[in-house]
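Protein chains: 4
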Amino acid sequence: MAKQPLNIGIVGYGFMGRAHSNAYKQVAQFFDLARTPVLKAACARDAAKVKAFADTWGYESTETDWRRLLDRKDIDCIDICTPNNAHAEIALAAAQAGKMILCEKPLAMNGPEGLKMVQAVEKAKVPNMVWYNYRRVPACTLARQLIDEGRLGKIFHYRANFLQDWTISADLPQGGAGLWRLDVAAAGSGVTGDLLAHCIDTALWLNGGIKDVCAMTETFIKERKHTLTGKVEKVAIDDACAFLCHFKNGSLGLFESTRYARGHKALYTFEINGEKASIKWDLHDLHRLEYFDHKDESRIRGWHKLHVTDGDHPYMGKWWVPGLQIGYESSFVHQVADFIDGLTTGKPAQPDFRNAYETQLVLDAILDSAKGRQWQEVK
Amino acid sequence: MAKQPLNIGIVGYGFMGRAHSNAYKQVAQFFDLARTPVLKAACARDAAKVKAFADTWGYESTETDWRRLLDRKDIDCIDICTPNNAHAEIALAAAQAGKMILCEKPLAMNGPEGLKMVQAVEKAKVPNMVWYNYRRVPACTLARQLIDEGRLGKIFHYRANFLQDWTISADLPQGGAGLWRLDVAAAGSGVTGDLLAHCIDTALWLNGGIKDVCAMTETFIKERKHTLTGKVEKVAIDDACAFLCHFKNGSLGLFESTRYARGHKALYTFEINGEKASIKWDLHDLHRLEYFDHKDESRIRGWHKLHVTDGDHPYMGKWWVPGLQIGYESSFVHQVADFIDGLTTGKPAQPDFRNAYETQLVLDAILDSAKGRQWQEVK
Amino acid sequence: MAKQPLNIGIVGYGFMGRAHSNAYKQVAQFFDLARTPVLKAACARDAAKVKAFADTWGYESTETDWRRLLDRKDIDCIDICTPNNAHAEIALAAAQAGKMILCEKPLAMNGPEGLKMVQAVEKAKVPNMVWYNYRRVPACTLARQLIDEGRLGKIFHYRANFLQDWTISADLPQGGAGLWRLDVAAAGSGVTGDLLAHCIDTALWLNGGIKDVCAMTETFIKERKHTLTGKVEKVAIDDACAFLCHFKNGSLGLFESTRYARGHKALYTFEINGEKASIKWDLHDLHRLEYFDHKDESRIRGWHKLHVTDGDHPYMGKWWVPGLQIGYESSFVHQVADFIDGLTTGKPAQPDFRNAYETQLVLDAILDSAKGRQWQEVK
Amino acid sequence: MAKQPLNIGIVGYGFMGRAHSNAYKQVAQFFDLARTPVLKAACARDAAKVKAFADTWGYESTETDWRRLLDRKDIDCIDICTPNNAHAEIALAAAQAGKMILCEKPLAMNGPEGLKMVQAVEKAKVPNMVWYNYRRVPACTLARQLIDEGRLGKIFHYRANFLQDWTISADLPQGGAGLWRLDVAAAGSGVTGDLLAHCIDTALWLNGGIKDVCAMTETFIKERKHTLTGKVEKVAIDDACAFLCHFKNGSLGLFESTRYARGHKALYTFEINGEKASIKWDLHDLHRLEYFDHKDESRIRGWHKLHVTDGDHPYMGKWWVPGLQIGYESSFVHQVADFIDGLTTGKPAQPDFRNAYETQLVLDAILDSAKGRQWQEVK
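Residue numbers (the numbering used here), protein chains in the order written: chain A, -1 to 377; chain B, -1 to 377; chain C, -1 to 377; chain D, -1 to 377.
Structure representation (structure tokens):
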């Protein structure tokens, strides 16, 4: 019996365009879902490049103007994989056109823009979701389960960082293909919107709301050649950002992100310390979760080094056999599976736009705090 | 421009049937190859089950008799994913039918059977390969590069083990679906052919031939209920096997495998100690390679903990960005890519049947040695 | 030829009294020094307890009033191991009496008090030092060597934390023997002066001065029974403290300390990210240093996991053989050795009082910042 | 009240002479014992060197002939720290003289010699012990506790290795001071008696007797200059030794030792897999014990990474505070403490000569097996 298709029109073909496409293609082999993603159309301004992308991934057609996707009846869902500054315009139009929307993170360039997007999808009543994929790394999902079961007790501390080292060279230009994350006009901010956004999404999901923040940012290399203009221009993004915060549950938070941490390629880590138990995770070994439980008998009390690959670990029963790990890309597969499940069960998978908007408000508070060198309430 | 298809007919739909199918589907999105795998037919005796498998993975048709696959002109390549005792019959017939053959490991039930298979494919001149997939985990491939570049110097020691714990319970039956690896009639041996075969393949590939072995085997649980007969029967496989050996290059080898190592799900590790450098690897963190180089300056000399995810690491430039790891299943993707490359370049990817037959001879020597409680030359 | 004695009079017999005494006794067996520590007198108010302590460690005599030590001609050096609130009075008097002074950390209850102590020892021209022992863990000393050699290049980031979990229980009282660290009258502050003081001392030593800080503190358990009064009283120390800072060299700092991090007994860690190399250390594995060097060839570039036990590692040539680690207590042995060397070479070992006073000023700024919820310049 | 002295006369001043002396000096400060070690005399043939050693460590007197020690009434206990080939002669005479004996490991050059030593001390009824110090590393003692409590259940596997890399250079001579371990006349064997002896002692202690063994040995560098003769001579020790074995409890053993494992300074590791739980240890992080317990709830089941520094861990309550580790040398302190306790309680601390003789028999079987290339029963 043929399943109902979920027809996808994707905008953008970069790193995320590839990761999402892979997810659409793999999901039906591993998850038993009511709807099967179908790669209907890929869209980007460069006709030749989008054609090559479509050929590689098996998209049935291409477009060079995303508005064309909205007109097409054969497309159910718009996947926005563009630089950040294009999210809002596309999402607002897509909502109005009645399309489901899957939007790359961060949701928007800032809170007010994000709010409009939330209002648009809620008004249009279209299913919507933001690609904060780390929630669906099995070890992270397990962390959430353990917290939900009350194993950690009252939380005292939350700390997270996301450390990279790829922009240390002063010779790296800003802007243009592959480097738009260094261009404030396209990205809105630097590591704050790129990396801390992930950390904050996870934190809000695992530990609840943030009350106030105090941040500092730094731009180590002040000027870089701009790929689009050819000139040396001021770098307006933040290269590094760290902040202190209070969570609403009374715990203290400490976050840091940088692209100047020599030796770390993509070291996203978090640790949560509760009265009864603690949890640690690290993207560089993403299938590992470390868990400390104070109720273990004293002499054998220590961090449990969990290899989250067992059949009763989240999502893992769908893959191989215990002990065999899956890759980064699988988190996107899981997100598609949950999104589709949400469509059929009526319980929308998270984070939807409204949920992702909370992260946006924290990002705004961080940037404001850093600018004003003062504590800032989160709205 | 449409690429030439590589039409696949697969026999078996178990764990390996899934892993191979995933590889055929993913490979063309990540590797630029002259031929594209096409899932033409899946074959198994149970018509309903093979139909469900074919639907999930997108096989165009099904068969319930593998001989039918050999008759089909639209099939280029037979992929043998059956229990070990069916490899030879299918492979011999497939070779005679002029099909390419991809055969699961171990190649055969024993050396003499393996030799017939080698002779068959060489006589028929059909491309052939055995799925010793660990050679193509990027960290393992990197290990080979480092050795080939002479970085380790004269080798003194090679040690490997493959530890699992899934058969400790006496309640586990033997034989039948999912449990044929416990049934000597289907598997030929226990951990020796299942797990040590992997260790030996890697060792021969990294460190050259083995001269002689001295082994011990053990069957901890002597009787188990047999799923197929319903009776409690003697367990004739080995639950554990360890052996000492001399490599032809003068180094000493130490190997161990068991399904009774509580706490290890699939801990395949190897370590090689050379005069100038050493290497360690561990399947539980498969993207890590540890490397010690004696020529590092003394005070900062220590094991380099490599996160094998950079663009210049083997295969990794095809996937995501530095720091993001891939899964177990990717090793099969790489194997398909290399097999297809081998077809076009005329340099067959390894291990082909002849190469895998070397492992078979070591397995025979191990089992003979254990039985006779004495050192045994490898033929 | 008998060496010149260095006659020690120690005040206090707690954890630090034991650690220092052990150092005095071990040092001459491992280091070839011009002067040999002699345990002349132990002093504490409780005559019986100090007698027992003296017997155990071999002190030749006891006193119950520290002023008596100052009168004794046979004592060269006063070692202050009391709670923090007694440091200044004893040190000021000892300086006036012309005694050398070894003072436990933190130097003082606050900056102004510390300044008086600095002025006193400088006026009296008596050798003086503060027991920030972690500088002399061999792995930390090696870190300093690597920085001094310019291997890290320009520094971007410094992060450190000191995590414990021993005060989570609300049943723990404050004040009195063994618990004076929870009593603000004796300790001055909580984790800030106890644990962060260590982190700051190391940071100033490795990365230079701190310009400004922004801190938050928290007291999770608001009231505890007081051992000395028998009443439930307000807890006035900080249970946790985190702060952001700018170093004078332009790098960003992030520090955290708490006694509520379930799962960590004494996890002091630091990490320094430079343009060319990075370093990590962790007290829970104190003989390990991790070192990442960007100039390593790309494919084998990874964190070097150094086992700092070789003969050319700092201090290690004095102990056993490579691979055999030493304990926490050895850092005190090294400090005594260096102090004595400083006496003979005329280059005083660090941190002396003036050096330790810098840490005091940072501590003051932290506490002010936390109180005022604002950035604070370090004086 | 003055405690009864335990007057020590030590023979030899090398690495072990220092480690034992340190233990005698530290033990009374940390352990409350009925007798206090007193360093009465140090003995070695070189008068100047033994004088320097005695001065450093505080021995009251020196001797240049060990027989003199036996005549002295003021000496209770002879500590034998000589090369292996002198153990027997000294021990036999010391027993006859009625002295307690502490003998370095391995007990003897071979089993028959060891047996004479056992008979001598048993006939003389003198307290005796062998310095297999690793039993008293707290993590190892904890391992024993966990086994004794039945936590592991039926044992399936025991594996251990001891890997070093200090003799790889062909320029290293054999024989003479510091290098007697390379000289078969002084050492009896190579890594077998030096390193495997430790592994076997631990194994017999943790897992019971060994039934039979099958070993291989190798001497990678065939000739080295001899320090004593000045000539290039055949190297007669084993550079590496590995063996398979069956324990009497039905478990399988796998052991390896070498001085040619580039990258390892003193990597002694063991792992025990039981039906219910498993244990791992590693000398390079000697305060760590890893423990896997199958009865942990499935989703949080993983290796517990124990930091064996808590007050209820073996010996640790005597040292510092939780989280602070002790050094290699402390294992000797513990051994002295237990030896003295054994004197007063009448339950002799282990391993005594008879217990250590069991290791000797396994060593003999290993060397016989390697020579004969066959399985060998342990006598």
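Here a beta-carbon is modelled for each residue, glycine too, at the ideal position from N, C-alpha and C.
Whether residue i touches residue j by CB criterion (8 Å)
i                      : j                      : result
residue 128 of chain D : residue 351 of chain D : yes
residue 368 of chain C : residue 214 of chain C : yes
residue 341 of chain C : residue 187 of chain C : no
residue 374 of chain B : residue 210 of chain B : yes
residue 5 of chain C   : residue 75 of chain C  : yes
residue 205 of chain B : residue 245 of chain B : yes
residue 233 of chain C : residue 172 of chain C : yes
residue 216 of chain D : residue 185 of chain D : no
Best match in the options for proximity to residue i [C-alpha to C-alpha]
i                      : options                       : result
residue 248 of chain A : A/45, A/153 and A/62          : A/153
residue 274 of chain A : C/262, C/47 and C/270         : C/262
residue 376 of chain A : A/268, A/265, A/344 and A/202 : A/202
residue 36 of chain D  : D/42, D/46, D/28 and D/21     : D/21
residue 191 of chain B : B/151, B/221 and B/235        : B/235
residue 166 of chain A : A/291, A/259 and A/70         : A/259
residue 378 of chain A : D/69, D/290 and D/12          : Past the edges of chain A, shown from -1 to 377, lies residue 378 of chain A, and the structure says nothing about it.
residue 223 of chain D : D/200, D/174 and D/250        : D/174
residue 337 of chain C : C/9, C/14 and C/133           : C/133
residue 88 of chain D  : D/64, D/31 and D/12           : D/64
residue 326 of chain D : C/257, C/297, C/285 and C/138 : C/285
residue 269 of chain A : A/7, A/297, A/198 and A/311   : A/198
Neighbour list for residue i in chain C, Cβ cutoff strictly below 7 Å
i                      : result
residue 371 of chain A : 373
residue 27 of chain D  : 20, 54 and 55
residue 250 of chain A : 214, 216, 238 and 240
Contact list for residue i against chain D, beta-carbon separation under 9 Å
i                     : result
residue 64 of chain B : Simply none; closest approach about 38 Å.
Bridge-paired residues (DSSP) for residue i
i                      : result
residue 301 of chain D : A/303
residue 96 of chain A  : According to DSSP, residue 96 of chain A bridges with nothing at all.
residue 256 of chain C : C/161 and C/238
residue 289 of chain A : A/277 and A/302
residue 78 of chain D  : D/9 and D/101
residue 210 of chain A : A/244 and A/375
Neighbouring residues, chain A, relative to residue i (Cβ below 7 Å)
i                      : result
residue 207 of chain C : Under the 7 Å cutoff, chain A gives no residues; its nearest Cβ is about 17 Å from residue 207 of chain C.
Closer than 8 Å at the beta carbon, the chain B residues around residue i
i                      : result
residue 296 of chain C : 308 and 310
residue 140 of chain C : 297
Closer than 7 Å at the beta carbon, the chain D residues around residue i
i                      : result
residue 303 of chain A : 300, 301 and 303
residue 15 of chain C  : None at all; the shortest Cβ gap to chain D is about 12 Å.
residue 282 of chain C : 305 and 321
Under 8 Å from the C-beta of residue i: neighbouring residues of chain D
i                      : result
residue 291 of chain A : 298
residue 326 of chain C : 318, 322, 323 and 324
Within chain A, partners of residue i - CB distance below 8 Å
i                      : result
residue 264 of chain B : 319, 320, 321 and 322
Partners in chain A for residue i, counting only beta-carbon separations shorter than 9 Å
i                      : result
residue 272 of chain C : 260
Validate contact between the segment 348 to 367 of chain D and the segment 98 to 114 of chain D using beta carbons, cut 8 Å, 3 pairs:
yes
Practice prompt. Answer yes if the segment 315 to 333 of chain A comes into contact with the segment 257 to 271 of chain B, meaning at least three C-beta pairs across the two stretches below 8 Å, and no otherwise.
Written response: yes
Open item on the list: For the pair the segment 177 to 185 of chain C and the segment 128 to 141 of chain C, tell me if three or more CB-CB distances fall below 8 Å.
Closed with: no
Handout entry: Three-pair Cβ contact test at 8 Å for the segment 84 to 94 of chain C versus the segment 111 to 125 of chain C
Key = yes
- Would you be able to state if there are at least three C-beta pairs under 8 Å between the segment 45 to 61 of chain B and the segment 11 to 25 of chain B? yes
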